[in-house]
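Shown next, in structure tokens, is the structure this report addresses.
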Amino acid sequence: MAITHDVPPQLDDLVPTAHRVREAIESVIEGKGDVIRLTLTVMLAEGHLLIEDVPGVGKTMLAKALARSIDCPVRRVQFTPDLLPSDITGVSAYNQQTMEFEFKPGPVFASIVVGDEINRASPKTQSALLECMEEHQVTVDGVTYPLDTPFMVIATQNPIEMEGTYPLPEAQRDRFTARIAMGYPEPSAELEMLDVHGGTSPLDKLQPVATTAEITALIAAVRAVYVSQAIKRYAIDLVTATRRSPELRLGASPRSTLHLIRTARAHAAMLGRDYVIPDDLQDLAVPVLAHRLLPSVEAQGQRRLPEHVMADIVRQVPVPEAQAR
Amino acid sequence: MRLPIASGVATLAVATTLYPLFDSTTWLWTVVGAILTVTVLGVLADRFNLPLWAMPLASLLGLTLYMTAVFARDEAWLWVIPNWDSVTALAELWNRGFGDIQRFAAPVPDQPGIVALTAVGVGVIAVLVDLFAVRARVAALAGLPLLALFTVPAAVIVEPIAWPSFILAAFGYLVLLVADGRERVSRWGRAVLVRRRPGPGDVTGQRHQGPLRLSGKRIGFAAVALAVLLPTVVPDLAPNPLFGFGVGSGLGRGNNTISIPNPIAGLRGQLTLPEEARVMTYSSADGNPRYLRTWSLDVFDGEAFEMTPPTGRPQDRVDEGPLPPPPGMSGAVPAKSNQLRVQMSPELGKLSFLPLPYPAAQIGIEGDWRADRSTLVVFSHVEYAAGLSYNVVSNEPRPSGRTLDEAGPAPVDIATRYLQLPDSLPESIRDLARRETRTGKTPFQKAVQLQKWFTERGGFTYQLRTEGHSASALEDFLLYSRAGYCEQFAVSMAVLARILDIPARVAIGYTGGTRIGDSTWEVTTRDTHAWPELYFEGAGWLAFEPTPTGAAGQGTGQVPEYTRFTPPSAADSGTETETDTPASTPEEEETAAGTTQRNQGPLDREGAAAPVTVEEETPVLAWIAAGTGVLLLILLIPALIRVLTRTRRLRAVGSRAVVRLWAELDDMLYDYGMSRGPSESSRAMARRLTEKFEFGQEAAGAVARVASATERLMYARDPGTVTVSAEDVETVRKALAASVTRGRRMRATLLPPSTFARFRVMSGRVLDGFDWLESVGARSLTRRLARK
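As you go down the protein sequences, you meet chains A and B in turn. Note that our numbering has the first sequence beginning at 268, numbered continuously upward. Note that our numbering has the second sequence beginning at 52, numbered continuously upward.
What follows is the structure, encoded as structure tokens:
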């Protein structure tokens with residue numbers, strides 16, 4: 268983590284960079300502005316993203332486009348049942364010429380790691396990846412290797428195909444900062460896609476619009492976004508409400524509070540604001556919190572998804588009252 | 052709380068409302084002892100699971116032992132075991148108690164007999180409450196014996212029961228109900244004490260079940276509060292007779308209230324009796340007769356004079372010393388003392404007032420007679436005047452004309468009580484009063500001119516049969532018929548005096564009567580009389596005599612001496628002959644003479660005719676209008692609060708201004724029925740308003756400025772300079788007002804919902820306070836149980 272806070276980063280200069288990246292990705296994936304913005308937000312909040320959707324809606328395309336437009340190393344891992352943890356972290360191999368063990372870095376040694384169909388791998392392999400996500404480092408044979416900065420895992424999960432899969436347990440899902448669903452494109456966007464993608468892949472034409480250094484500076488700027496006491500309390504109110512709701516069996520963890528505030532900072536910064544307002548938290552509460560919640564039996568009986576419960580909670584928890592400081 | 056203890060507490064709470072019936076507090080301890088006896092027995096019966104029927108018997112037995120121990124200790128065996136002697140002693144005490152109750156009016160002294168009766172009564176109530184609440188498990192029904200106890204002070208005392216003691220009694224009953232509820236729940240297991248206010252996040256589910264959260268306790272508190280507050284805003288329903296003059300109409304309410312006969316209605320009845328009957332005889336020490344006053348009427352409602360019910364405090368009992376000093380009489384005015392010995396006729400009806408000369412200083416009489424401090428009327432709750440004989444010393448002021456001319460203004464309490472006139476009083480009467488006294492320079496001169504106008508100049512005739520054709524008998528008498536008897540004269544003069552700012556009231560009683568022997572007079576029903584009393588600072592209340600006296604008038608009437616002084620400016624006719632002028636005309640010629648005399652003042656009538664017809668219907672309408680006005684003013688209080696709040700908010704400066712302007716915007720939205728949801732941020736609200744109501748550039752900019760300023764103030768590291776102003780809020784208000792209906796706008800202005808919401812929040816806080824108190828109590832209880 269080579270980010271210093273000595274010089275306060277100039278938000279105004281960096282925000283256009285983020286928007287350039289956003290526009291670049293939008294040129295590849297039509298009609299998914301919200302998803303793209305959220306993806307960028309998670310990246311700037313130093314988080315990891317779980318994309319849960321049916322095959323073929325552009326999950327991998329999104330991850331690739333992001334990586335391509337930033338000009339940073341990107342690795343893609345196709346998770347299969349026989350994938351081993353060392354296939355992800357890397358292995359120490361004996362080099363007969365140097366007479367030493369040599370570390371062959373695995374695919375996690377990249378700025379953006381795309382884990383495709385993560386629920387197909389065995390739990391053991393899954394947890395190897397998840398440890399890297401949390402600790403930003405890999406330990407092989409007693410030696411610790413730090414990971415790149417920025418480091419972001421974009422994992423995809425297929426909710427339909429249940430046979431032979433190991434869906435992420437709730438404890439693992441908690442590690443992901445946010446979960447989004449791509450959703451089908453609008454008919455008009457799909458039509459445009461046919462036109463654009465008909466001949467060549469637009470991904471090939473995509474040129475990097477930002478450097479890794481610029482993104483690193485942006486992340487530093489996000490960290491400096493101000494969060495007032497009232498906002499912190501509001502975040503805690505939201506999280507506490509999930510723990511007390513009779514419709515939820517499991518509420519959100521303290522880690523989720525942290526993730527919520529971090530993404531809220533990034534959200535505010537993306538909009539060129541150097542302070543967080545309740546609207547940021549309200550926009551992010553569902554993608555950041557909903558995948559960590561377990562509905563109660565009653566809620567399941569009523570087909571109430573955690574997303575719906577979370578949206579209701581956001582509607583009901585009062586925002587901070589205005590008072591003179 | 053255990054149920055038997057709760058019922059004891061409830062009985063005690065209601066029993067304390069008896070306090071105004073007693074002089075001192077020793078009765079209370081005896082009563083507490085009786086309740087305690089019953090309560091302790093109740094707790095024991097509960098513990099040893101006595102059969103249902105045993106408890107009342109045990110309690111009554113315990114009560115008997117207690118009474119014996121307290122009141123017949125010396126006769127009983129071992130101080131408590133009753134024997135023949137002690138029972139006899141108790142029975143004697145019992146009889147004496149009943150006698151005392153008949154003899155004394157509340158508040159009574161602590162006579163052992165009365166205390167014993169009270170203790171037994173309260174004890175029996177306690178047994179009944181215990182029977183209902185604890186044995187039969189119908190706590191609500193236990194309210195009936197408690198109510199019976201509560202009605203005792205309510206029925207006996209004329210003044211309403213003080214509200215704190217009502218609250219105490221009501222809470223006593225509530226304690227019983229709460230204890231009963233607890234007991235019921237505890238049979239199903241442990242009572243669960245739920246914190247009513249959920250945490251900030253605990254929103255799902257409970258938020259929308261407002262009514263369900265109302266506990267019985269809250270309803271109880273609200274009911275008590277309403278019972279106390281509501282009567283203060285509801286007008287009194289006084290038992291006024293619909294028609295005619297007079298006080299009350301003898302609505303007797305139990306034997307401890309005075310029955311005030313209708314003095315004025317009685318007046319004419321007495322005067323027109325076919326046979327005159329003797330009322331009393333009296334002898335006067337100085338050999339001169341006296342007017343004897345029975346009632347003093349002070350309230351004028353436009354038609355009739357009525358009497359404020361007199362109040363007699365125990366220290367104003369006339370057998371315990373001199374009467375209170377006469378109001379307004381100073382030592383500077385010479386006074387003459389005189390003594391009368393009065394023998395009331397035994398055939399008199401139930402008269403609760405004593406006929407007395409004014410101002411009486413001392414009365415020698417047996418029994419519980421009390422003087423009203425302000426009027427010196429002497430009355431009794433328990434005695435009647437028939438057949439009594441008493442001495443009365445009066446101390447009559449003998450002011451000179453000069454003293455009266457120089458009398459200062461009346462004190463405020465006298466002025467407010469005795470100068471009241473209804474606004475509906477016709478202007479013609481007011482003009483008449485001023486015109487007829489225009490030459491008088493001082494109030495006293497004007498009063499004398501009034502009396503002279505009635506007796507000489509005005510052309511009035513004395514006639515017991517009156518006919519009215521106008522809505523107002525007063526107008527009819529003064530402007531048209533000018534024929535009547537003492538009642539009309541007295542009332543009219545009092546009213547005219549009040550118009551001239553002279554405090555006045557009407558006295559009802561008897562004239563001096565007919566001399567039947569050496570300094571002895573006989574007063575008969577024919578001598579029943581009404582006359583005005585006027586107030587002059589220094590001399591106090593002075594009687595005047597506007598009624599014609601002599602054969603063609605009130606036969607035994609007399610004109611008071613001090614009114615014979617000739618005021619310098621009013622010397623337009625001979626003063627010596629004034630008593631004789633009407634009297635000299637024979638009764639047959641009276642009408643003819645009357646008509647000629649009446650011609651003296653034709654101007655009066657013509658000048659007055661026009662306004663009279665106009666004002667016929669006014670009083671009722673005026674009352675309705677005034678009532679509606681007051682109601683409207685009360686209804687406008689929320690609007691006023693709203694305006695004040697808005698002004699204060701719009702004036703604020705600095706960072707506080709942003710908060711206040713935001714709060715104002717919030718309330719404004721609430722008033723217009725487009726309130727901000729709990730989770731709606733300032734930015735979201737600005738967006739919603741702009742989109743929904745299609746704000747123009749100006750309004751959209753204004754609402755965005757307010758929202759952004761609020762947002763920056765609350766959440767930004769450095770809020771920066773305030774860029775929002777009161778004009779922005781005003782712009783938004785105009786834009787919003789344009790988008791709602793006229794009815795909504797008027798409601799927002801006149802009955803602003805935001806103010807009512809604030810009232811609700813405030814009352815909610817008060818109830819929360821109660822809840823908190825209770826939870827503290829419950830927690831300490833739990834701790835105590837845990838320690839056990």
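Note that beta-carbon positions come from the ideal geometry of N, C-alpha and C, so glycine has one too.
Supposed close pair residue i, residue j - CB separation, criterion 8 Å
i: E588 of chain B; j: G459 of chain B; result: 5 Å
i: A123 of chain B; j: S110 of chain B; result: Incorrect: roughly 19 Å between the Cβ atoms, too far for contact.
i: G591 of chain B; j: P378 of chain B; result: 6 Å
i: A502 of chain A; j: T524 of chain A; result: 6 Å
CB of residue i within 7 Å of CB of residue j, strictly
i: A64 of chain B; j: G223 of chain B; result: yes
i: R343 of chain A; j: V476 of chain A; result: no
i: R481 of chain B; j: S396 of chain B; result: no
i: A199 of chain B; j: V275 of chain B; result: no
i: P417 of chain A; j: I355 of chain A; result: no
i: C537 of chain B; j: A498 of chain B; result: no
i: A386 of chain B; j: P448 of chain B; result: yes
i: W420 of chain B; j: V429 of chain B; result: yes
i: M577 of chain A; j: A536 of chain A; result: no
i: P196 of chain B; j: V180 of chain B; result: yes
i: T607 of chain B; j: G568 of chain B; result: no
i: V359 of chain A; j: D279 of chain A; result: Going by the sequence as given, residue 359 of chain A is Ser instead of Val. No.
i: P670 of chain B; j: S475 of chain B; result: yes
Below-7 Å beta-carbon distance, residue i vs any chain A residue
i: A767 of chain B; result: yes
i: E742 of chain B; result: no
i: V812 of chain B; result: no
i: V60 of chain B; result: no
i: T761 of chain B; result: yes
i: V243 of chain B; result: Annotation note: pLDDT 48 at V243 of chain B (below 50); position unreliable, no value reported.
i: L263 of chain B; result: Annotation note: pLDDT 38 at L263 of chain B (below 50); position unreliable, coordinate value reported separately. By this cut-off, L263 of chain B is not an interface position.
CB contact below 7 Å: residue i versus chain B
i: S523 of chain A; result: no
i: I447 of chain A; result: no
i: I528 of chain A; result: no
i: A491 of chain A; result: no
i: V584 of chain A; result: yes
i: I355 of chain A; result: no
i: A497 of chain A; result: yes
i: A589 of chain A; result: yes
- Give, in chain order, every residue of the stretch 374–392 of chain A whose Cβ lies closer than 9 Å to some Cβ of chain B. none
- Query: Any residues in the stretch 471–488 of chain A with a beta carbon nearer than 9 Å to a beta carbon of chain B? Which ones, in chain order?
  - Reply: none
- Within 9 Å of chain B by C-beta, residues of the stretch 540–573 of chain A in sequence order: R540, D541, Y542, V543, I544, P545, D546 and Q549
- Message: Any C-beta of chain A within less than 7 Å: which residues of the stretch 701–713 of chain B qualify?
- Response: S706, R707, V710 and W713
- Task: Check distances from the C-beta atoms of the stretch 321–344 of chain A to those of chain B and list, in chain order, the residues that come in under 7 Å.
- Result: none
- Can you list, in chain order, the residues of the stretch 721–755 of chain B whose Cβ is nearer than 8 Å to any Cβ on chain A? G728, P729, S730, E731, S732, S733, R734 and A735
- Any chance you could list the beta strand (DSSP E) runs of at least 3 consecutive residues sitting entirely within the stretch 543–598 of chain B, in chain order? 555–561, 565–568, 571–575, 579–587 and 591–594
- Query: Fully enclosed by the stretch 385–433 of chain A, which beta strand (DSSP E) runs are 3 residues long or longer?
  - Reply: 404–407, 410–413 and 419–424
- Message: What ranges does the beta strand (DSSP E) occupy inside the stretch 285–316 of chain A, keeping only unbroken runs of at least 3 residues that lie completely in it?
- Response: none
- Within 9 Å of chain B by C-beta, residues of the stretch 280–292 of chain A in sequence order: none
- Query: Taking a cut of 8 Å between CB atoms, which residues from the stretch 388–422 of chain A lie near chain B?
  - Reply: none
- Task: For the stretch 471–515 of chain B, list the alpha helix (DSSP H) runs that are entirely contained and at least 4 residues long, ordered along the chain.
- Result: Inside the stretch 471–515 of chain B, DSSP marks whole alpha helix (DSSP H) runs of 4 or more residues at positions 478–487 and 494–503, from first to last along the chain.
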